[in-house]
Amino acid sequence: MNSVRNLTLICLCVQLLGSTASASTSLWGKKVVLKGRRCLWQLQPETVVPPLKELTVCMLLRRTTITDWTGFDYKAPGSRDIELGLGGTDSQLIVWLFGEKHSLKSSLKLNEWSNVCFTWSGQTQRLQIYVDGTSQLEASVSPIRPQLAPNGTLTLGVSHFININGDVQPENGKELLGEIGLFRMWAREWSAEDLRGQSCADGDVVRWDLQQWKHDCPPELNSDIHCAWFLYKINMWTFIVHSTKPGNCSVSLEEVTRNWMESIFPRNISVHNILVSSPSRTCHVVNNSAALHAKQPQGSSALSYSTFDECFSCEVYVNVDPATNVEVVQANIASLLSLSFSYDFLNLTADPYSISILPVELLPAVPEPQPTVSTGAPASVTRPTQSLPAQPANTSTTGDPLDVNETAFGPDTFFRVNLTLRMTGSPANPEDIIEKWVKKQLEVNNTMHVLNLIVKENVGRNLEQYNGPMIFHSQLKKYYSTFHIQEYNINSVAETKAIINAALLSKYENDSIVIQPMNVAIKHIEPENCLEETTSTIYGLYIWPEAFPQINQDMGCEKPRFKRAFRLCKLDIETDMTSWADPDMRNCSPLLTISDLDNINVTTGNAAEVVDMIQDLVDVQLSNSAELSPSELDSVVEKLCEVVKISKIKPVVGGKIVNIIANILLSKTDITPLASTILDLTDRMGNNMEFQDESVSITAPSLALSMFNVDRNEFSGLTFGVSSVSSNMNPEIYVNQSFVSEPSPETDATISLPSELHNFFSPGERNTTRVQFQFFRTDGLFQDPHITNASQSSLTMNSYIVSASINNSHVSNLKERVVVTLRHQTPKQPEDKVHCMFWDLQKNSGQGGWNSRGCITQSISAYRTRCLCDHLTHFAVLLDVSRTPISEADSQILTVISYLGCGISSIFLGITLLTYLAFEKLRRDYPSKILINLSAALLGLSMLFLLDSWLSSFSNYSLCIATAATLHYFLLASFTWMGLEAVHMYLALVKVFNIYVPSYILKLCAVGWGVPLVIVSLVLAIDKDAYGSAPERAAVMLQSNDQFCWLQNDVFFYVTVVAFVLLILLCNISVFIVVLIQIRHMRANKQSVNRAGSLPDLRAVASLTVLLGLTWLLGFFSFGPGRMVLMYLFSICNSLQGFFVFLLHCLMKENVRKQWRIHLCCGRFKLSDYSDWSRSVTVGGHCKKNHLVNSDSVASDNTSTIRKISDSSTGLASNHHQGA
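Each residue of the sequence shown is one higher than the one before, counting from 94 in our numbering.
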């Protein structure tokens, strides 16, 4: 018979930890009644208490008589002292720990159930006692032996001793007269929050189960106390019997088990996770007779049944919803598992004596790859209460029994490292490479972890060249890095320092990148623990226990109870000190809503907590909805105003308020009704903020505030600048404590305050005047109804908003004006007008509106505007768009047309070049040679245009300059050859007598390729920074916001591009008119041409238009009502210019088609190499000494006018001369 292993696709090995217990042995729903008669409950000898370094014990009991009593007693082997115990009198509660007695004045009420718990941890050396979830005592305990003595004896309700025979005997007196409902012990220190939650999870060291207890009197049913719980773990052995001859099965044994569980469980029991072992012929099942009859010791034996073929162990985690009493769930699940299950040819039956149904604290994580390091502990359930990020787990769990030898004791060792190094090469992200190198060197053996790594370039004498978003990196750069190292107490401090030093001083080489460390400074630091802290949040009240540095504490959520919240004791890179990070409550559900804010009274003591609540509530609401409702917005703003009004604002609290406002601004919330209130809120908050330094800045996505305390007698001006890359990123602030009229090129908004402002400072007071700056990337707070609601309004916001104010002062009528420089969001077109405006709070009945009074507008360029204003407030630039704006749809269509047309042109220009270069007979005349050069220039232009955006995406400064300069060169070369085409036509058709130019084509090439090279070289020599990434101009040229490497300098652009192109086009259109007149004269003088009809003339016009580039003139006329039509024509005609060259000068030329048929066709389409055309082709290349007019004088009689113009224009002139 084939093994069932052939049936399984996935086989998981599961180690069943601890003893198992069936539902029939569970003591949940039962109690031990102690009435004074002999009734000894003791721990089974096989149930071993390990040497615990932290623990929690909980006992549920009820006293029925006033007397001294003993709850439980645990003694070390061979000792009469109480190692661990609980007892008391009528007025005291007593806990023994390591032989020490700890008393507190607390009386357990008679005939009432009391839940008494106490915790201890060797890490904190602290004992805490809780009664009914409330902390009653906290005491320091420093035992000589830092762990609980293992393998001891434990009794319930009475103290005990060991007689000479080794038997446990009760001691007379102080026995408990009453009842015991629960007793559990865990191998970890539970937090106050966990104990307050009244968890029903069973212990992982000692459980409330008959298999762990020996007793003289049986338990009784307990109808008074019930514990409803929802998380359970089921352990069992399952027998496999083959109903038929086994075959191959397409599902795994785990899937079969899941089908089994889901088929027998009702809907309120959901299967979370299943682990199965490999099938075996021998099953180690529990002999339950000891537990059932309490006569024999617990044990396990290897049983071999002839009734089953194989068996496997199974571990199932389930969630019961709603939570149900533990004893009820255990009985129901045990009953359901008693039924056999058939799947295909398999019959599965659970061994009833191996079934264990235990309430657990947490369900295991979903089995997927996690960034954790194995510690050798069982992997079935992982629930750390203190976990180090990306390091070996070193804390206890609440699931299965813990190997105490793997429990960490004491904090890890920490070091601060300062590293200086040199890097050779030009990587795109040098900081990332340095970070990866450092971690690779230090984290190789998982004995240490790199934290808080910061890498900064040491500029020194290196030149940093700014150009848009790109930085030029020289071949050799110097970097400074600082970071923390967390070492897991494996080596001594001296050994660890030596390891770090050796690892960081090694040279790193990878292709062209070389990292050479220069200096390493290592300092051993000893950060303190994060102390216990109580936080009140929208998720409930949480008491975070003391934690070591870089330890993640976790606590059970208030809702849902089976989820966990986390909080890191974070080590700060600036101060080398620890502090609690913000709690991670993502798994928890809020207990409050925004409407509940109305019930909270703000005081100076709770203002910070209220702001935290508001921030959490807003984050939760905006994560579930795109906006806040008007009532929710009212509640949030009203409560924030109370906070600002009642208390002095610290920068940390102010940062949270700014974040709240920024999140609301970035949402779809309609904030217009409260815009003035919010502006007043931010202004008062900045004026009331308390900080020690001279200034403080706060940033949030799309929002920035800076406050300065200035001295009236020392004030010489102040400049505030902001750069904002994205609405989802914090802006970057630039400050200069002087008046700067010229802004930095990287800023989006700059405001410079003149020294005259000191006249508005409060007299006689030093360092009390506050200057406040604000920056808004969004205009949600500045909605003018006359602009936003007017469908015909031509004004639109075209910049970000920046403001300045002085506390307790109204600044106006300045002689030295405030200089505000703002970058345009979209480039200004020549016909557009810009207006500097300020936000007038008095307009529109106090709702606010834009006003230009007191501001002078100076347009710097299409991308910036300078405003000179005589007062302080919020400033912005509004664009007056009198033209028809380009819609987003039109922009996308024009972009697609441009790229598609250039792609098509590139293909057909390549075919044109290959045709003329491959067939020597086609390039014998001058027009063909000029056409080859023009096609090459146009091909280079089209290819560079297509590749430009891709090349600019590398953010390489040198590459971008080269790309822009090459694109500029091919653009100029294309127009130069169009001009030379016009010059050749003029010489051939107009100046037809006695013209001879020696080395004619060579001189044309020198001009056609040399002049653009000279122009580009001059630009590079004068200012190579004229080239670079210009997203603004790319938006104009391509109707796209992508980066585009091109000319940045307006002067160079208008001189070397606009003027150059316009000059050539004016010359070309003059030649075009002259040629058309010449054609008309020819038709009048030659009757054969007249009889040819108008089609050849139309082809002549089209050919001239393409060769001379006259379609580019459409760009100069793209304005007015027909602007969009002209823009579409411009994009189509010019992007397809290369295709038109192929169409008119390859596909429609008879001589080219004949060459294709001679050399490329076969069969009846192939022509012989000898034809009339071969004799009539122009021979200018063989008549170098002839005049230009005669160099191409032979043409076939049936060649039309257009073909003479485009193919052999001189030949047409020759015929004209002969006719004359």
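For each residue, glycine too, the CB sits at the ideal point set by N, CA and C.
Would you decide whether residue 679 is buried or exposed? Buried here means 16 or more other CB atoms lie within 10 Å of its CB. exposed
Taking 8 Å as the limit between beta carbons, can you name the residues of its chain near residue 353, skipping five residues before and five after? 434, 436, 441
Alpha carbon to alpha carbon, how far is residue 972 from residue 885? Give it in angstroms, no decimals. Caution applies to residue 885, whose pLDDT of 49 falls short of 50 and renders its modelled position unreliable; the value that the coordinates give is listed next. Cα atoms of residue 885 and residue 972: separation of roughly 14 Å, rounded to the nearest angstrom.
Let me check one thing: in DSSP terms, what residues is residue 635 bridge-paired to? In the DSSP output, where bridge partners are listed per residue, residue 635 has 628.
Tell me whether residue 211 counts as near the ligand FMN, meaning its Cβ is closer than 8 Å to at least one heavy atom of that ligand. Of the ligands one can find in the structure shown there are none, so the ligand FMN has no counterpart to examine.
Counting pairs of beta carbons, one from the stretch 249 to 260 and one from the stretch 216 to 225, are three or more of them closer than 8 Å? no
Spatially closest choice to residue 518 from 124, 512, 526, by CA coordinates: 526
Residues bridged to residue 434 by DSSP? 441
Specify, as a first and last residue, the run of the alpha helix (DSSP H) that residue 533 falls within. Under the DSSP assignment, residue 533 falls in the alpha helix (DSSP H) whose first and last residues are 523 to 535.
Taking Cβ positions, are residue 299 and residue 241 nearer each other than 9 Å? no
The stretch 708 to 725 contacting the stretch 759 to 778, beta-carbon criterion three pairs below 8 Å: yes
Would you report the Cα separation of residue 904 and residue 967, rounded to the nearest angstrom? A direct Cα-Cα distance of roughly 12 Å separates residue 904 from residue 967.
By how many angstroms is the C-alpha of residue 456 removed from the C-alpha of residue 578? The alpha-carbon atoms of residue 578 and residue 456 are separated by roughly 33 Å.
In this structure, what does DSSP give as the bridge partners for residue 148? 213
To the nearest angstrom, how far is the alpha carbon of residue 1006 from that of residue 822? 49 Å
On the three-state DSSP scale, how would you describe residue 347? helix
Any chance the stretch 864 to 878 sits against the stretch 794 to 807, with 3 or more Cβ pairs inside 8 Å? yes
Residue 790 bridges to which residues according to DSSP? 799
Quick one, which of 1228, 1197, 1159 has its alpha-carbon nearest residue 1209's? 1159
When you compare only the Cα positions, how much space is there between residue 803 and residue 855? 11 Å
Within a Cβ cutoff of 8 Å, which residues of the same chain sit near residue 1199, ignoring the five residues on either side of it in sequence? Only 1230, 1233, 1234, 1237 meet the Cβ criterion.
What residues are listed by DSSP as bridge partners for residue 175? For residue 175, which the question treats as bridged, DSSP gives the partners 168.
Among 1078, 177, 194, 282, which has the Cα closest to the Cα of residue 647? Nearest in C-alpha terms to residue 647, of all of 1078, 177, 194, 282, is 282.
Alpha-carbon spacing of residue 832 relative to residue 948, whole angstroms: For the pair residue 832 and residue 948, the Cα-to-Cα distance works out to about 18 Å.
At least 3 beta-carbon pairs within less than 8 Å: the stretch 741 to 754 vs the stretch 923 to 934: Short answer: they don't touch.
Mind checking which residues open and close the alpha helix (DSSP H) that includes residue 1053? 1050 to 1082
Just reading off the alpha helix (DSSP H) that residue 754 is part of, what are its end residues? 744 to 759
Tell me the rounded alpha-carbon separation between residue 694 and residue 911. For residue 694 and residue 911, the distance between alpha carbons rounds to 42 Å.
Would residue 769 and residue 934 be called neighbours here (beta carbons separated by less than 9 Å)? yes
Quick one: residues in its chain with C-beta nearer than 8 Å to the C-beta of residue 323, no 5 flanking neighbours on either side, listed in chain order? 412, 413, 414, 415, 416, 417, 654, 655
Per DSSP, residue 271 is paired with what? Answer is 127, 156.
Could you tell me whether the Cβ atoms of residue 272 and residue 125 are closer together than 9 Å? yes
DSSP puts residue 185 in a beta bridge; with which residues? 198
Does the structure place the stretch 987 to 1000 close enough to the stretch 939 to 953 that three or more beta carbon pairs sit under 8 Å? Taking 8 Å as the limit for Cβ pairs, the verdict is that the stretch 987 to 1000 does not touch the stretch 939 to 953.
Nearest-angstrom Cα separation, counted from residue 816 out to residue 1138: 21 Å
For residue 229 versus residue 186, is the C-beta distance shorter than 9 Å? yes
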